[in-house]
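Residue numbering for the sequence shown is 204 to 651, as defined by my numbering. First up is the structure itself, then whatever we jot down about it.
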Amino acid sequence: MTQPFEFPHSLQRRTLLQAAAATGLASTLGVALAHTGGATALMPKGRQRRVVVLGGGWGGLSTARYLRETAPDLEVVLIERNPVFWSCPLSNKWLVDVVDTQFLVHSYTIPARKWGYTFVQSEVSDIDRSAKRVHTAQGYVDYDWLVVSAGIRVTYEPWFAGDQRAIRHTVTNYASAYVPSAEHLALKHKIQSFKGGTIVMTLPPPPHRCPPSPYERACLMAAHFQRNKIKAKILILDPKPRIAPIGAGYKLAFEDLYDDIITHVPNAGVKELDPFNKVVKTAAGDFKFDDAIFMGHHQAPDLVWKLGAVGKNAEGKPTNWAAVHNEFYNLADDPNIFVIGDSVGAVSPQFGHYPKSGHVAHAMGRSVANYIAQQAKDQPMKAMMIDNLCYMLVNLNPLEAISVQFDYKKGPEGHLIQTQIDDNDRRRALWDEDLRWYSLKMQDMVGV
Ligand SMILES: Cc1cc2nc3c(=O)[nH]c(=O)nc-3n(C[C@H](O)[C@H](O)[C@H](O)COP(=O)(O)OP(=O)(O)OC[C@H]3O[C@@H](n4cnc5c(N)ncnc54)[C@H](O)[C@@H]3O)c2cc1C
Numbered sequence: 204m205t206q207p208f209e210f211p212h213s214l215q216r217r218t219l220l221q222a223a224a225a226t227g228l229a230s231t232l233g234v235a236l237a238h239t240g241g242a243t244a245l246m247p248k249g250r251q252r253r254v255v256v257l258g259g260g261w262g263g264l265s266t267a268r269y270l271r272e273t274a275p276d277l278e279v280v281l282i283e284r285n286p287v288f289w290s291c292p293l294s295n296k297w298l299v300d301v302v303d304t305q306f307l308v309h310s311y312t313i314p315a316r317k318w319g320y321t322f323v324q325s326e327v328s329d330i331d332r333s334a335k336r337v338h339t340a341q342g343y344v345d346y347d348w349l350v351v352s353a354g355i356r357v358t359y360e361p362w363f364a365g366d367q368r369a370i371r372h373t374v375t376n377y378a379s380a381y382v383p384s385a386e387h388l389a390l391k392h393k394i395q396s397f398k399g400g401t402i403v404m405t406l407p408p409p410p411h412r413c414p415p416s417p418y419e420r421a422c423l424m425a426a427h428f429q430r431n432k433i434k435a436k437i438l439i440l441d442p443k444p445r446i447a448p449i450g451a452g453y454k455l456a457f458e459d460l461y462d463d464i465i466t467h468v469p470n471a472g473v474k475e476l477d478p479f480n481k482v483v484k485t486a487a488g489d490f491k492f493d494d495a496i497f498m499g500h501h502q503a504p505d506l507v508w509k510l511g512a513v514g515k516n517a518e519g520k521p522t523n524w525a526a527v528h529n530e531f532y533n534l535a536d537d538p539n540i541f542v543i544g545d546s547v548g549a550v551s552p553q554f555g556h557y558p559k560s561g562h563v564a565h566a567m568g569r570s571v572a573n574y575i576a577q578q579a580k581d582q583p584m585k586a587m588m589i590d591n592l593c594y595m596l597v598n599l600n601p602l603e604a605i606s607v608q609f610d611y612k613k614g615p616e617g618h619l620i621q622t623q624i625d626d627n628d629r630r631r632a633l634w635d636e637d638l639r640w641y642s643l644k645m646q647d648m649v650g651v
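In structure tokens form, the structure reads like this:
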């Protein structure tokens, strides 16, 4: 359902585009096709200046929606590979049927119609910064401003180098469902058809997407196995020395509720993985498993690499994340290009990366909509502070959650400073707050 759109192999791309133009399919899709010197302009530019937003996740949807308010004179085009929006927030709860699919999956055309931007479903294949042009599977789109909110990519290269057989076997059997994709369906099937035994769950080395969510997933899987009387052990192999964030709240949940099911193993970074013989070797020992959820390393997605926006460390090696201004999220050598959301690299010597969360991506999108509106009016950009808030469900009977909040301000030396407040006291009220938080964000981004 959420697989990237691909042209049928039997059809050449050009043939399909010509057929689409001839049959009027192009206008049904709400896009215009034009040919210029061999390349196909998907949407020729008119007199209006245009913002192109790449990625229709939390950051991209928020940017597109707020741009229509902050800069109504600009044309806004959102390009996303998936046919429908799929939310990772709340997906752990969906894995064990606390919420159903309609909570997670939403139409892209409803918000596009509601706020008046153009949605294009297509894979973005390249970005030509000198021509200010984005290439998609259906043709190119020119921009005046570009916002990239393409999330993360999950890589298994550090474990397997180029061994595609091992990588494919791992993706097919042990995928983590950490990007909006069909992996969520496979994981739900795995959990709900599990007959018993040991499941290992590896956490990626930090920084990674939504740090508290793997522990939440372990709690909810354990609760599901308890409810269905399935004899299971869950081993969390954590490269970090301790559970974080909301460490105390999770520790209590593991001890009080799932003592016989969940074991958290600290300092257990993966050294070697044999997915065929089901053995994982870590810095904290070797573990055999019956089934597994292997979270590969998280990095900025392909589009950020293609943009040439990945930062370099002191040794000149890639940081694997986008190097952007710490408050405006634009590139030093091109202030009209913004990278937001999970792709963003370290922004502060005090805390490094912002938490890679939907809440933060949404807030960055809103901020960038303001910054672009200010640039369009030749006004100086006025920095907006963001925050973060995450609720994690740890108990099913009764429904109880814990939460973490992060606030940011400028320190005396001009650096961003982070304050973290863990709420470790699991209770029903936090689950109710989570649902409220989520429904407000959905209204804001997908219009329902
Ligand atoms: C299990 C789980 C639970 C979570 N729980 C929470 C939570 O409770 N609260 C919270 O705030 N956050 C949570 N998160 C984190 C949240 O999902 C991410 O931080 C958020 O989605 C980041 O937004 P983004 O816009 O950077 O990326 P995404 O939302 O991933 O959006 C990126 C989009 O770009 C598209 N894309 C990428 N490349 C291309 C291309 N080449 N062409 C076209 N389209 C492309 C992708 O298809 C995707 O739709 C959770 C994550 C997970 C995995």
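Ideal placement from N, C-alpha and C gives every residue a C-beta, glycine not left out.
Note to self: Let me confirm a value: T312 is counted as buried when at least 16 other C-beta atoms fall within 10 Å, else exposed. Which label applies?
What the structure shows: As a position in the sequence shown, residue 312 is number 109, starting the count at 1. Classification for T312: exposed.
Next item on the list: Report the residue from G249, H500, P247, L264 whose alpha carbon sits nearest the alpha carbon of I543.
Entry: The sequence position of residue 543 within the sequence shown is 340, counting from 1. From the listed residues G249, H500, P247, L264, the smallest Cα separation to I543 is found for L264.
Notebook entry, point to check: Three-state secondary structure (DSSP) at M595?
Noted result: Numbered from its first residue, the sequence shown carries residue 595 at position 392. It is a strand residue.
Checklist line | 8 Å contact criterion, which G354 and S546 should meet: CB distance rounded | finding: Taking the first residue of the sequence shown as 1, we reach residue 354 at position 151. Taking the first residue of the sequence shown as 1, we reach residue 546 at position 343. Rounded, the Cβ-Cβ distance is 7 Å, consistent with contact.
Next item on the list: Keeping to the same chain, check which residues put their C-beta closer than 7 Å to that of R631; ignore five residues upstream and five downstream.
Entry: Against the sequence shown, residue 631 aligns to sequence position 428. If we look at R631 and ignore the five residues flanking it on each side, its Cβ neighbours are P601, L602, E603.
Notebook entry, point to check: Which residue from E272, V255, G249 puts its Cα closest to that of R569?
Noted result: Walking along the sequence shown from the start, residue 569 turns up at place 366. Ranking the options by Cα distance to R569, first place goes to E272.
Margin query: So L349 and V255 are supposed to be a Cβ contact under 8 Å. How far apart are they, rounded?
Written below: The sequence position of residue 349 within the sequence shown is 146, counting from 1. The sequence position of residue 255 within the sequence shown is 52, counting from 1. Right, the Cβ-Cβ distance comes to about 5 Å (below 8 Å), so this counts as a contact.
Check: Which stretch, first to last residue, makes up the beta strand (DSSP E) that contains N523?
Finding: The residue labelled residue 523 in the question sits at position 320 within the sequence shown. Bounds of the beta strand (DSSP E) holding N523 are 521-525.
Checklist line | Run of the beta strand (DSSP E) containing H565, from where it starts to where it stops | finding: One-based indexing of the sequence shown puts residue 565 at position 362. Judged by DSSP secondary structure, H565 falls outside any beta strand (DSSP E) and instead within the alpha helix (DSSP H) spanning 561-579.
Checklist line | Three CB pairs or more closer than 8 Å across the region 423-441 and the region 510-520 | finding: no
Notebook entry, point to check: What are the residues that DSSP puts in a beta bridge with K481?
Noted result: The residue labelled residue 481 in the question sits at position 278 within the sequence shown. None, per the DSSP bridge assignment.
Item checked: Spatially closest choice to M246 from V337, V344, I394, by CA coordinates -> On the sequence shown, position 43 is the one that residue 246 refers to. Taking only the C-alpha atoms, the option nearest M246 is V344.
Notebook entry, point to check: Among the residues of its own chain, which have a CB less than 6 Å from the CB of Y574, if the five just before and after it don't count?
Noted result: Here residue 574 refers to the residue found at position 371 of the sequence shown. Excluding residues within five positions, the ones whose Cβ falls inside 6 Å are F531, M584.
Margin query: For a quick check, are the C-beta atoms of L455 and N627 less than 9 Å apart?
Written below: Numbered from its first residue, the sequence shown carries residue 455 at position 252. Numbered from its first residue, the sequence shown carries residue 627 at position 424. Their beta carbons are under 9 Å apart, which means L455 touches N627 by this criterion.
Checklist line | Span of the beta strand (DSSP E) around G263 | finding: Numbered from its first residue, the sequence shown carries residue 263 at position 60. No beta strand (DSSP E) holds G263; the alpha helix (DSSP H) holding it covers 261-273.
Checklist line | Straight-line gap, R639 to Q646 (C-alpha atoms, nearest Å) | finding: On the sequence shown, residue 639 is found 436 positions in, with the first residue counted as 1. On the sequence shown, residue 646 is found 443 positions in, with the first residue counted as 1. When only Cα atoms are considered, R639 and Q646 end up about 11 Å apart.
Next item on the list: Please name the residue in Q395, P448, P417 whose C-alpha comes closest to that of Y381.
Entry: The count along the sequence shown starts at 1 and reaches residue 381 at position 178. Comparing Cα-Cα distances from Y381 to each of Q395, P448, P417, the minimum goes to P417.
Check: So is the beta-carbon of S570 under 8 Å away from any non-hydrogen atom of ligand 1?
Finding: Here residue 570 refers to the residue found at position 367 of the sequence shown. Because no heavy atom of ligand 1 lies under 8 Å away, the Cβ of S570 does not count as near it: no.
Notebook entry, point to check: Near Y359, what residues of its chain come up, given a Cβ to Cβ distance below 7 Å and the 5 sequence neighbours on each side ignored?
Noted result: On the sequence shown, position 156 is the one that residue 359 refers to. I370, T373, G499, listed in sequence order.
Check: Can you tell me the Cα-Cα spacing of A471 and W297, whole angstroms?
Finding: On the sequence shown, residue 471 is found 268 positions in, with the first residue counted as 1. On the sequence shown, residue 297 is found 94 positions in, with the first residue counted as 1. Approximately 28 Å, taken between the alpha carbons.
Checklist line | Integer-rounded CB distance, given that A487 should sit under 8 Å from V468 | finding: What you label residue 468 is simply residue 265 of the sequence shown in a count that begins at 1. What you label residue 487 is simply residue 284 of the sequence shown in a count that begins at 1. Between A487 and V468 the Cβ distance is about 5 Å, and since that is below 8 Å, they are a contact.
Note to self: Helix, strand or coil for M424? Go by DSSP, reduced to three states.
What the structure shows: In the sequence shown, the residue the question calls residue 424 occupies position 221. Three-state DSSP puts M424 in a helix.
Notebook entry, point to check: Does the Cβ of Q395 have 16 or more other Cβ atoms within 10 Å, making it buried, or fewer, making it exposed?
Noted result: Here residue 395 is taken as the residue at index 192 of the sequence shown, counted from 1. The residue in question, Q395, is exposed, as its Cβ has fewer than 16 Cβ neighbours within 10 Å.
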